[in-house]
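Notes follow once the structure below has been shown.
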Amino acid sequence: MYSLAGRRRNMTNATSASGQPIAQWNDYDRERVMREFAGRDILSLEDFSRADFESVFEAGDRFDPVAKSRRSIDLLAGQILVSAFFQASTRTRLAHESAMLRLGGQVTGFADAKMTRAGDFYQESLKDTAHMLEYYGDVIVMRHPQIGAPHEMARWASIPVINGGDGWGEHPTQVLTDLFTVRKELGKVDGLTFVAVGDWRMRTMHSLAYALTQFDADLIYVCPSDEEPDEGLIKSVRGRGLQIRRAEHVAEVVNEADVIFIEPVVQADYGKGRDERGDSVATTDSRYQVTAELLATKAKRSAIVLHSLPRMDELSTNVDDTHYARYWQEAYNGLVIRMALLALVLGATP
Ligand code: CP
Numbered sequence: 025m026y027s028l029a030g031r032r033r034n035m036t037n038a039t040s041a042s043g044q045p046i047a048q049w050n051d052y053d054r055e056r057v058m059r060e061f062a063g064r065d066i067l068s069l070e071d072f073s074r075a076d077f078e079s080v081f082e083a084g085d086r087f088d089p090v091a092k093s094r095r096s097i098d099l100l101a102g103q104i105l106v107s108a109f110f111q112a113s114t115r116t117r118l119a120h121e122s123a124m125l126r127l128g129g130q131v132t133g134f135a136d137a138k139m140t141r142a143g144d145f146y147q148e149s150l151k152d153t154a155h156m157l158e159y160y161g162d163v164i165v166m167r168h169p170q171i172g173a174p175h176e177m178a179r180w181a182s183i184p185v186i187n188g189g190d191g192w193g194e195h196p197t198q199v200l201t202d203l204f205t206v207r208k209e210l211g212k213v214d215g216l217t218f219v220a221v222g223d224w225r226m227r228t229m230h231s232l233a234y235a236l237t238q239f240d241a242d243l244i245y246v247c248p249s250d251e252e253p254d255e256g257l258i259k260s261v262r263g264r265g266l267q268i269r270r271a272e273h274v275a276e277v278v279n280e281a282d283v284i285f286i287e288p289v290v291q292a293d294y295g296k297g298r299d300e301r302g303d304s305v306a307t308t309d310s311r312y313q314v315t316a317e318l319l320a321t322k323a324k325r326s327a328i329v330l331h332s333l334p335r336m337d338e339l340s341t342n343v344d345d346t347h348y349a350r351y352w353q354e355a356y357n358g359l360v361i362r363m364a365l366l367a368l369v370l371g372a373t374p
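Following the numbering used here, the numbering of the sequence shown begins with 25 at its first residue and continues without gaps.
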C-alpha cells in the first residue's frame, strides 16, 4: 500500500498554459481532497462516495482549460506514469499518457504484454511485476483481461494503481469520464434517467450502476438475455437505493431517457488478452440499436447519446451528425478526467 509520506511535497500551485493560475481550491477543501485521494488506488466505483465524484469533477473543471489549450503545465514535472496494458486499448492508454504529458510528467510502459516477461515463457506474476514497476514510476495505469488484476497489482505496489479496465470487472475512469460529460452537457446528474443499452456483462455497465447509486438518477437497462447483469450486482445497487429496471427493446424506453448510454452487444471477449475478429461478424438486433431515425421519432429533444467506443453497428454512424451525439465530447473529457485523477492520486491538488 501507498504511503503519503514524501508525496505532499508535490502539492504545488500550477499555472495554466496562458500563464494564469489554475482555479484553486481553498485550503480547507484542498486538505480534504488530499486526504481523500493522495496515494489512493482507483480500482472500482463501488467504493466511491458522492464527495469523491464531486472532487474528481471539480478537479476536471480546473484542468479543462489546460487540455483545451493543447499545451502543457509543470504540475507533475519529475513524476512518471507507468502504463501496464496487458490488453488492447486506444483511448484509455493514450488518454492517460497524454494527460501525464500535459501535466508535465513523463511516461513509460508497455502496450502489449507479449513483449514483457509476464507475457512470455516465464508468465511473471503480478506480484513480481508490481515490485518492478513500483521502482520505475510514481503511478501505474493498468488494463488486464482478468477481473481483479489491478487490485492484485495494488496489493503489492507501493505506488497508486489506476484500473484501466479489468476483464469483465470494472472501468472506473471511463465512467468518471461519462458522468463528467453528462454534468457538463446537461448541468447535472441528479434527476436524470439513464437508458443503458448493450452487453451488461461489460465493465463499463458495472461501473455505471455503482456510480449512479451516489446520484438521484434512475437506470433502465436493455440487453440480450445471455448478456444480463449479474444478480448480485442488481441486488447490491438496489440495496444502495438505485431505481433500476429492465426493458426488452430500446424503442420502448428511449422516450424516458435523458442519457442514452450504449455499448456493443456484438463484441470481443473481455476475458481474453487479445481477441481478433473472425471472418464473420454478427449484426446487432434492432432491440439494441440506436439510429438517427429512432432518436428523431422517439427521444426527448434534450437527450444525449454516449458511447465509450469502439463501436460496432449498435450505434449507427448517422447519429454522429445529430444534436444527440456527445461521444466526441466524451472522448475529449477522457483526457480531462485522466488529468484530474493523475493529479489527485499524486497529491498535486490545484
Ligand atoms: N473506451 C475504452 O475503454 O476504449 P479503449 O478500449 O480504446 O481504451
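By construction, the Cβ of each residue, glycine as well, lies at the ideal position given by its N, Cα and C atoms.
A quick note: this is a predicted structure, and the numbers were derived from the prediction, not measured.
Using 7 angstroms as the threshold, is the C-beta distance between residue i and residue j below it?
| i | j | result |
| --- | --- | --- |
| ALA306 | VAL290 | yes |
| ALA380 | PHE109 | Summary: the structure shown does not reach residue 380, with the chain confined to residues 25 through 374, and so no result is reported for it. |
| TYR146 | VAL106 | no |
| THR201 | ILE66 | no |
| PRO196 | LEU69 | yes |
| TYR294 | GLY222 | no |
| GLY263 | ASP240 | no |
| ILE328 | GLU209 | yes |
| HIS273 | ARG311 | yes |
| GLY193 | ARG225 | no |
| ALA281 | THR237 | no |
| LEU232 | ILE268 | no |
| ALA271 | VAL278 | no |
| ARG64 | VAL369 | yes |
| GLU55 | THR205 | no |
Under a three-way DSSP split, which group does residue i fall into?
| i | result |
| --- | --- |
| GLY191 | coil |
| PHE134 | strand |
| HIS331 | strand |
| THR217 | strand |
| LEU100 | coil |
| MET226 | coil |
| GLY30 | Residue placement at GLY30 is flagged as unreliable, the pLDDT there being 37, under the threshold of 50; the coordinate-derived value follows with that caveat. Coil at GLY30, not helix or strand. |
| ALA108 | strand |
| THR140 | coil |
| ALA181 | coil |
| PRO47 | The sequence given here has Ala at residue 47, not Pro. Correct three-state label for ALA47: coil. |
| ARG54 | helix |
| PRO196 | helix |
| VAL290 | coil |
| PRO374 | coil |
| TYR146 | coil |
| THR36 | Low confidence applies to THR36: its pLDDT is 42, below 50, so where it sits in the model is not reliable, and the reading given next is rough at best. The answer is coil: DSSP assigns THR36 none of H, G, I, E or B. |
| THR116 | helix |
| VAL305 | coil |
| PHE77 | helix |
| ALA323 | coil |
| ALA89 | Looking at the sequence provided, one finds Pro at residue 89 rather than Ala. PRO89 falls in the helix class under three-state DSSP. |
Starting from residue i, follow its DSSP beta bridges and name the residues at the other end.
| i | result |
| --- | --- |
| ARG270 | TYR245 |
| ILE284 | VAL219 and VAL329 |
| ILE186 | ILE66 and VAL165 |
| LEU339 | VAL314 |
| ALA349 | VAL329 |
Am I right that residue i and residue j are in contact with their C-beta atoms under 8 angstroms? What's the rounded C-beta distance?
| i | j | result |
| --- | --- | --- |
| SER340 | VAL314 | 7 angstroms |
| TRP49 | THR373 | 6 angstroms |
| LEU359 | SER79 | LEU359 to SER79, Cβ: 18 angstroms. No contact. |
| GLY188 | SER113 | 7 angstroms |
Does the region 112-126 come close enough to the region 156-169 that 3 or more CB-CB pairs lie under 8 angstroms? yes
Whose beta carbon lies closer than 5 angstroms to any heavy atom of the ligand NAD, going through the chain in order? You won't find the ligand NAD in this model; what it holds is the ligand CP.
Segment contact, 8 angstroms Cβ cut-off, at least three pairs: the region 321-339 with the region 89-107: no
Using 8 angstroms as the Cβ pair cut-off and three pairs as the minimum, do the region 296-304 and the region 247-256 touch? no
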